[in-house]
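*Asks:* The structure under discussion is supplied below as structure tokens; questions concerning it will follow.
2 protein chains.
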Amino acid sequence: MSIIECIPNISEGRRQQVIAGIADGLRAVPGVRVLDVQSDAAHHRSVLTFAGDAAAVKQAVLELYALAIPAIDLRTHKGEHPRLGAVDVCPFVPIEGVTMADCVTLAREVGAEVAARFNLPVYLYEEAAATPARRNLEDIRRGEFEGLSAKMPLPEWAPDFGPTMPHASAGATVIGARMPLIAYNVNLATDRLDVAKKIATAIRMSSGGFRCVKALGLALGDRGIVQVSMNLTNYEKTPIFRVFEVVKREAARYGVNVLESEIVGLVPSAALTQAAAFYLQLEDFNSDQVLENKLRNAE
Amino acid sequence: MSIIECIPNISEGRRQQVIAGIADGLRAVPGVRVLDVQSDAAHHRSVLTFAGDAAAVKQAVLELYALAIPAIDLRTHKGEHPRLGAVDVCPFVPIEGVTMADCVTLAREVGAEVAARFNLPVYLYEEAAATPARRNLEDIRRGEFEGLSAKMPLPEWAPDFGPTMPHASAGATVIGARMPLIAYNVNLATDRLDVAKKIATAIRMSSGGFRCVKALGLALGDRGIVQVSMNLTNYEKTPIFRVFEVVKREAARYGVNVLESEIVGLVPSAALTQAAAFYLQLEDFNSDQVLENKLRNAE
Numbered sequence: 001m002s003i004i005e006c007i008p009n010i011s012e013g014r015r016q017q018v019i020a021g022i023a024d025g026l027r028a029v030p031g032v033r034v035l036d037v038q039s040d041a042a043h044h045r046s047v048l049t050f051a052g053d054a055a056a057v058k059q060a061v062l063e064l065y066a067l068a069i070p071a072i073d074l075r076t077h078k079g080e081h082p083r084l085g086a087v088d089v090c091p092f093v094p095i096e097g098v099t100m101a102d103c104v105t106l107a108r109e110v111g112a113e114v115a116a117r118f119n120l121p122v123y124l125y126e127e128a129a130a131t132p133a134r135r136n137l138e139d140i141r142r143g144e145f146e147g148l149s150a151k152m153p154l155p156e157w158a159p160d161f162g163p164t165m166p167h168a169s170a171g172a173t174v175i176g177a178r179m180p181l182i183a184y185n186v187n188l189a190t191d192r193l194d195v196a197k198k199i200a201t202a203i204r205m206s207s208g209g210f211r212c213v214k215a216l217g218l219a220l221g222d223r224g225i226v227q228v229s230m231n232l233t234n235y236e237k238t239p240i241f242r243v244f245e246v247v248k249r250e251a252a253r254y255g256v257n258v259l260e261s262e263i264v265g266l267v268p269s270a271a272l273t274q275a276a277a278f279y280l281q282l283e284d285f286n287s288d289q290v291l292e293n294k295l296r297n298a299e
Numbered sequence: 300m301s302i303i304e305c306i307p308n309i310s311e312g313r314r315q316q317v318i319a320g321i322a323d324g325l326r327a328v329p330g331v332r333v334l335d336v337q338s339d340a341a342h343h344r345s346v347l348t349f350a351g352d353a354a355a356v357k358q359a360v361l362e363l364y365a366l367a368i369p370a371i372d373l374r375t376h377k378g379e380h381p382r383l384g385a386v387d388v389c390p391f392v393p394i395e396g397v398t399m400a401d402c403v404t405l406a407r408e409v410g411a412e413v414a415a416r417f418n419l420p421v422y423l424y425e426e427a428a429a430t431p432a433r434r435n436l437e438d439i440r441r442g443e444f445e446g447l448s449a450k451m452p453l454p455e456w457a458p459d460f461g462p463t464m465p466h467a468s469a470g471a472t473v474i475g476a477r478m479p480l481i482a483y484n485v486n487l488a489t490d491r492l493d494v495a496k497k498i499a500t501a502i503r504m505s506s507g508g509f510r511c512v513k514a515l516g517l518a519l520g521d522r523g524i525v526q527v528s529m530n531l532t533n534y535e536k537t538p539i540f541r542v543f544e545v546v547k548r549e550a551a552r553y554g555v556n557v558l559e560s561e562i563v564g565l566v567p568s569a570a571l572t573q574a575a576a577f578y579l580q581l582e583d584f585n586s587d588q589v590l591e592n593k594l595r596n597a598e
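Top to bottom, those sequences are chains S and R. For the first sequence, the numbering used here gives the first residue as 1, with consecutive numbering after it. For the second sequence, the numbering used here gives the first residue as 300, with consecutive numbering after it.
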């Protein structure tokens, strides 16, 4: 049994009927489970989360483009969030029984088919990117929908699939594969914002810290404490426990204790198992020993 | 979706055809997954492990008794392991989406039906026991099959269901509910067996330690180290992490380090999540945040 998660972001956050119609279209695909639909009117954008095996997810994504392209016109779209297409970005995430390589393959297959079927330019990003210059979504999206006509003729911005000019109403789309994001915060038993900011600087990649950590320090005013707020972009490469231990150690250097940590939203079971195995110094442990995994594999 | 695990022990460990026939009978029940079949010829006993929801597990257990009773005759059964019945013991274990109370209810329902359908005396044990004197399997089983005729007429050993005399060939049976067992060992970076034995004494219930720990100290001769070998009988009441931390602290008192720990066989996901939450100081974490749980609940 394999599970891939897919989290398309569409450029519609206001017309509930359009959003619900697209979500219903996903639900109608056998083997697909829609886990979440979040809309933001100010961003004029919705994030859909669904899961299934590769075949079901592929069918659902094609259905998504078929529904979204005629319903969303970027020429009249205005919102706070940057975007370059009706279906702005569509990542595949390996959850269970699949590898990142499987998700990269799926992203390329789906990308080729979306381009052919809808005459839509497709960029591949993150793990599915053809070149390092295309790994980051922000680089691909710079200039947004309005800048596509000028950007796409440049040789370095030729799309991975599809025409070298934007779709008139749907722009372009970015498809890829990435690890699940974990939103992880550590609260410190102090009101000293400088300590939280110094720790964030120490642990995030951009300033020399861990490869797969984004972090900032902020004040939780109502509680009189500060927080190191993080996104962990690849828990296999940069595990939660290592980040936690370094945050704790850096805080101690300022005489500050960790009050607690928190996971916001969902976390893959493996990220917690990994932490348990580290702290309990478990030798030769493998995920087949988790009773629920054994049960699922016996299905 | 709810999952109950059932681990019947039958008094047949030699005739592979009988054992396979019973396992196939379980597999034929819709919704039942057989996870493991272990036979021991010297013990003349087999342990079957299967899982499903309450209705499927109940149907499978009734099928088990229907197949085992005519096939196994205790009057000619000789093995190293103590036993009082053809189906010697049958525990129900809550795994997911069910409570211990649900498993107790199931044990009583199944017990009443087994007694009525097969005219077999049934004792309830562990969490399903009607009185504290019947919690321990060893107490119920003392005297074994051969002692039943003398033991059962005693008022304190009247069965919970069924006749007050043993079944001629199948004896009696013990049905109940318990938490999953976790076989957990901590290896110490020393060859001093006295240290492992002292730590085992400190942490096991029988000598004043944790309520849900059985432990002994033993030497791993081939590796030149010693081990604290444990059974954790209820990880909710006595969590793995607390046991590990105390073993580590007691070892330090003798100047000994923990080398590693190990889980033998299966462990419920919740027991590892619990350890991760402890060490990461996770606040307000609940199991719905585990991606796989969310996916399963969306089914």
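Glycine included, C-beta positions come from ideal geometry on N, C-alpha and C.
1. Taking C-alpha atoms, which residue in 470(R), 442(R), 476(R) lies nearest to residue 400(R)?
2. Please say whether residue 161(S) and residue 83(S) have beta carbons closer to each other than 8 Å?
3. Please state whether DSSP places residue 369(R) in a helix, a strand or coil.
4. Compare the Cα-Cα distances from residue 407(R) to each of 394(R), 365(R), 357(R) and report the closest residue.
5. Let's see if you can read the secondary structure: which residues bound the alpha helix (DSSP H) around residue 100(S)?
6. I need the straight-line Cα distance from residue 345(R) to residue 276(S), nearest angstrom please.
7. Using the beta-carbon of each residue, which ones in chain R are nearer than 8 Å to residue 265(S)?
8. Grab me the residues of residue 549(R)'s own chain with a C-beta within less than 6 Å of its C-beta, minus the 5 sequence neighbours each way, in chain order.
9. Check whether the segment 135 to 143 of chain S and the segment 202 to 218 of chain S are in contact - that is, three or more C-beta pairs closer than 8 Å.
10. I think residue 185(S) touches residue 212(S), with their Cβ atoms under 8 Å apart; what is that distance to the nearest whole Å?
11. Could you tell me which chain S residues have their CB closer than 8 Å to the CB of residue 557(R), listed as they occur along the chain?
12. Which of the three DSSP states is assigned to residue 219(S) in this structure?
13. Would residue 121(S) and residue 163(S) be called neighbours here (beta carbons separated by less than 8 Å)?
14. In chain S, which residues lie with their C-beta within 8 Å of the C-beta of residue 583(R)?
15. Would the C-beta of residue 273(S) count as close to the ligand SAH, meaning under 7 Å from any of its heavy atoms?
16. Spatial neighbours of residue 479(R) within its chain, please: CB distance less than 6 Å, with the 5 preceding and 5 following residues excluded, ordered by chain position.
17. Apart from the five residues just before and just after residue 368(R), which ones in its own chain have a Cβ nearer than 8 Å to its Cβ?
18. If you draw a straight line from the C-alpha of residue 151(S) to the C-alpha of residue 165(S), how long is it?
19. Can you name the start and end residues of the beta strand (DSSP E) that residue 161(S) belongs to?
20. Does the distance from the CB of residue 557(R) to the CB of residue 525(R) come in under 8 Å?
21. Does the separation of the CB atoms of residue 332(R) and residue 320(R) fall below 8 Å?
22. With distances taken Cα to Cα, identify the nearest neighbour of residue 113(S) among 50(S), 63(S), 130(S).
23. Within its chain, find whatever has a CB closer than 6 Å to the CB of residue 389(R); leave out the 5 residues flanking it on each side and keep chain order.
24. Measure from the C-beta of residue 363(R) to each C-beta in chain S and report whether the shortest distance is under 8 Å.
25. What residues from the segment 223 to 236 of chain S come within 7 Å of chain R, judged by C-beta to C-beta, listed N to C?
26. How would you label residue 149(S), buried or exposed, when you count the other beta carbons within 10 angstroms and need 16 or more for buried?
27. Could you compute how far the alpha carbon of residue 349(R) sits from the alpha carbon of residue 327(R)?
28. In chain S, which residues lie with their C-beta within 7 Å of the C-beta of residue 574(R)?
29. With H, G and I counted as helix, E and B as strand and the rest as coil, what does DSSP make of residue 332(S)?
30. If contacts are defined as beta-carbon pairs under 8 Å, then residue 513(R) and residue 486(R) qualify, I think. What distance do you get, rounded to the angstrom?
31. Taking the alpha helix (DSSP H) that residue 295(S) falls in, what are its first and last residues?
32. Rounding to the nearest angstrom, what Cα-Cα distance links residue 583(R) and residue 509(R) in this structure?
33. Nearest to residue 492(R) by alpha carbon, out of 544(R), 404(R), 340(R), 522(R)?
34. Please tell me whether residue 261(S) and residue 565(R) are closer than 8 Å, where the distance is taken between their beta carbons.
35. Can you give me the C-alpha to C-alpha distance between residue 247(S) and residue 189(S), rounded to a whole angstrom?
36. Shorter than 8 Å from the beta carbon of residue 593(R) to some beta carbon of chain S?
*Replies:* Put simply:
1. The residue you call residue 400(R) lines up with position 101 of the second sequence. The closest CA to that of residue 400(R), considering only 470(R), 442(R), 476(R), is found on 476(R).
2. Counting from one through the first sequence, the residue named residue 83(S) turns up at place 83. Counting from one through the first sequence, the residue named residue 161(S) turns up at place 161. Annotated as distal: residue 83(S) and residue 161(S), with beta-carbon spacing of 8 Å or more.
3. In the second sequence, the residue the question calls residue 369(R) occupies position 70. In the structure shown, residue 369(R) sits in a helix (DSSP, three-state: H, G or I).
4. Along the second sequence, read from residue 1 onward, the residue named residue 407(R) stands at position 108. With distances taken between Cα atoms, residue 407(R) lies closest to 357(R).
5. Within the first sequence, numbered from 1, the residue matching residue 100(S) stands at position 100. Element bounds for residue 100(S): 100 to 118.
6. Taking the first residue of the second sequence as position 1, residue 345(R) is located at position 46. Taking the first residue of the first sequence as position 1, residue 276(S) is located at position 276. Cα to Cα, residue 345(R) sits roughly 32 Å from residue 276(S).
7. The count along the first sequence starts at 1 and reaches residue 265(S) at position 265. Near residue 265(S) (Cβ distances below 8 Å), the residues of chain R are 588.
8. To locate residue 549(R), count along the second sequence from 1; it is residue 250. The answer, listed in chain order, is 498, 501.
9. no
10. On the first sequence, position 185 is the one that residue 185(S) refers to. On the first sequence, position 212 is the one that residue 212(S) refers to. Contact doesn't hold; Cβ gap of about 16 Å is too wide.
11. What you label residue 557(R) is simply residue 258 of the second sequence in a count that begins at 1. Correct list: 281.
12. Taking the first sequence and counting its residues from 1, one reaches residue 219(S) at position 219. Looking at residue 219(S) - three-state DSSP - the assignment turns out to be strand.
13. On the first sequence, position 121 is the one that residue 121(S) refers to. On the first sequence, position 163 is the one that residue 163(S) refers to. Going by C-beta atoms, residue 121(S) is nearer than 8 Å to residue 163(S).
14. Here residue 583(R) refers to the residue found at position 284 of the second sequence. Near residue 583(R) (Cβ distances below 8 Å), the residues of chain S are 262.
15. The ligand SAH is not part of the structure shown, which contains no ligands of any sort.
16. Translated into the one-based positions of the second sequence, residue 479(R) becomes position 180. Excluding positions up to five away in sequence, the list reads 392, 567.
17. Here the question's residue 368(R) lines up with position 69 in the second sequence. Hits under 8 Å: 385, 386, 417, 419, 466, 468, 469.
18. The count along the first sequence starts at 1 and reaches residue 151(S) at position 151. The count along the first sequence starts at 1 and reaches residue 165(S) at position 165. When rounded, the distance between both Cα atoms is 9 Å.
19. Taking the first residue of the first sequence as 1, we reach residue 161(S) at position 161. Premise fails: residue 161(S) is in no beta strand (DSSP E) and is neither H nor E.
20. The sequence position of residue 557(R) within the second sequence is 258, counting from 1. The sequence position of residue 525(R) within the second sequence is 226, counting from 1. Contact: no.
21. In the second sequence, residue 332(R) corresponds to position 33, counting from 1. In the second sequence, residue 320(R) corresponds to position 21, counting from 1. For residue 332(R) and residue 320(R), no; Cβs fall outside 8 Å.
22. Within the first sequence, residue 113(S) is the residue found at index 113, counting from 1. Nearest of 50(S), 63(S), 130(S) to residue 113(S), Cα basis: 63(S).
23. Numbered from 1 along the second sequence, position 90 holds the residue referred to as residue 389(R). For residue 389(R), where only same-chain residues beyond five positions count, the Cβ hits under 6 Å are 307, 474.
24. Here residue 363(R) corresponds to residue number 64 of the second sequence, with the count starting at 1. Closer than 8 Å: no.
25. If the cut-off is 7 Å between Cβ atoms, the segment 223 to 236 of chain S has nothing near chain R.
26. Numbered from its first residue, the first sequence carries residue 149(S) at position 149. The residue is exposed, with fewer than 16 neighbouring Cβ atoms inside 10 Å.
27. The count along the second sequence starts at 1 and reaches residue 349(R) at position 50. The count along the second sequence starts at 1 and reaches residue 327(R) at position 28. If I take the Cα positions, the gap works out to 12 Å.
28. Working through the second sequence from its first residue, we reach residue 574(R) at position 275. Ordered by position in chain S, the residues that pass the 7 Å Cβ test against residue 574(R) are 276, 279, 280.
29. Since the first residue shown for chain S is 1 and the last is 299, residue 332(S) is missing from the structure and cannot be characterised.
30. Locating residue 513(R) in the second sequence gives position 214, counting from the first residue. Locating residue 486(R) in the second sequence gives position 187, counting from the first residue. Actually they do not touch by this definition, with Cβ atoms about 18 Å apart.
31. Start at 1 with the first residue of the first sequence, and residue 295(S) comes out as number 295. 291 to 297 is the extent of the alpha helix (DSSP H) around residue 295(S).
32. Here residue 583(R) is taken as the residue at index 284 of the second sequence, counted from 1. Here residue 509(R) is taken as the residue at index 210 of the second sequence, counted from 1. If you take the alpha carbons of residue 583(R) and residue 509(R), they lie about 26 Å apart.
33. In the second sequence, residue 492(R) corresponds to position 193, counting from 1. When only C-alpha atoms are compared, the closest one is 522(R).
34. In the first sequence, the residue the question calls residue 261(S) occupies position 261. In the second sequence, the residue the question calls residue 565(R) occupies position 266. Taking 8 Å as the Cβ cut-off, residue 261(S) and residue 565(R) do not qualify as a contacting pair.
35. Position 247 of the first sequence holds residue 247(S). Position 189 of the first sequence holds residue 189(S). If I take the Cα positions, the gap works out to 13 Å.
36. On the second sequence, residue 593(R) is found 294 positions in, with the first residue counted as 1. The Cβ of residue 593(R) sits closer than 8 Å to at least one Cβ of chain S.
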